[in-house]
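First comes the structure, then the notes that go with it.
Residue numbers (the working numbering): 23 to 198.
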């Protein structure tokens, strides 16, 4: 991966190489989802769970359900900042249930897909798609998760290494 900033395709490829072969990969709705679906390798051992019709907020609750249904399989959730905000309270549920799962949240401080569709339909208009500065890593830690924030490729690789060595609820916040 490039050292400065993030290239979404490289990031997804890095996750693909890192994720165990038997992982249950859960996706929320968001700008990152296209890269996941076109660049992540799914076969008979890897399972994909994703929302229908772009339902935001699906990722975390579905990850909890996947882990409860298949407790020995690794669960990896990919979510955008807007989607995770919709169901962020479920982070407490995951801790209370003693689950071992990983969430990677892509933080672009926006409802990115909505912004893109809005720009197509109403060029030059940006209404209600910006999010404030939310530090998901801090929120996760406050709820009992292990969490890392990645602003560079090196930090992302470091966070993946730490996740691999940790049990319980883990979150990597990727700042785009």
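Every residue, glycine too, gets a C-beta built ideally from N, C-alpha and C.
- [ ] Could you please give me the residues that DSSP links to residue 89 through a beta bridge?
- [x] Translated into positions along the chain shown, residue 89 becomes position 67. The partner list for residue 89 (beta bridge, DSSP) is empty, contrary to what the question assumes.
- [ ] Spell out a yes or no on whether the region 27-44 and the region 81-90 are touching, meaning 3 or more CB-CB pairs, one atom from each, closer than 8 Å.
- [x] no
Open item on the list: In whole angstroms, give me the CA-to-CA distance for residue 56 and residue 149.
Closed with: As a position in the chain shown, residue 56 is number 34, starting the count at 1. As a position in the chain shown, residue 149 is number 127, starting the count at 1. C-alpha separation (whole angstroms): 23 Å.
Task: Beta-bridge pairing of residue 102 - partner residues as DSSP gives them - done: As a working note, residue 102 is residue 80 in the chain shown. Paired residues: 128.
- [ ] Taking 8 Å as the threshold, find out whether the region 107-123 comes into contact with the region 58-76 through three or more Cβ pairs.
- [x] Because the criterion of three Cβ pairs below 8 Å is not met, the region 107-123 and the region 58-76 do not touch.
- [ ] Answer yes or no: do residue 166 and residue 117 have a C-beta to C-beta separation smaller than 7 Å?
- [x] Position 144 of the chain shown, counted from the start, is the residue given in the question as residue 166. Position 95 of the chain shown, counted from the start, is the residue given in the question as residue 117. For residue 166 and residue 117, yes; Cβs fall inside 7 Å.
TODO: Determine the burial state of residue 197: buried for a count of at least 16 other Cβ atoms within 10 Å of its Cβ, exposed for fewer.
DONE: Counting from 1 along the chain shown, the entry for residue 197 is found at position 175. Of the residues assessed, residue 197 falls on the buried side of the cut-off, its CB having 16 or more other CB atoms within 10 angstroms.
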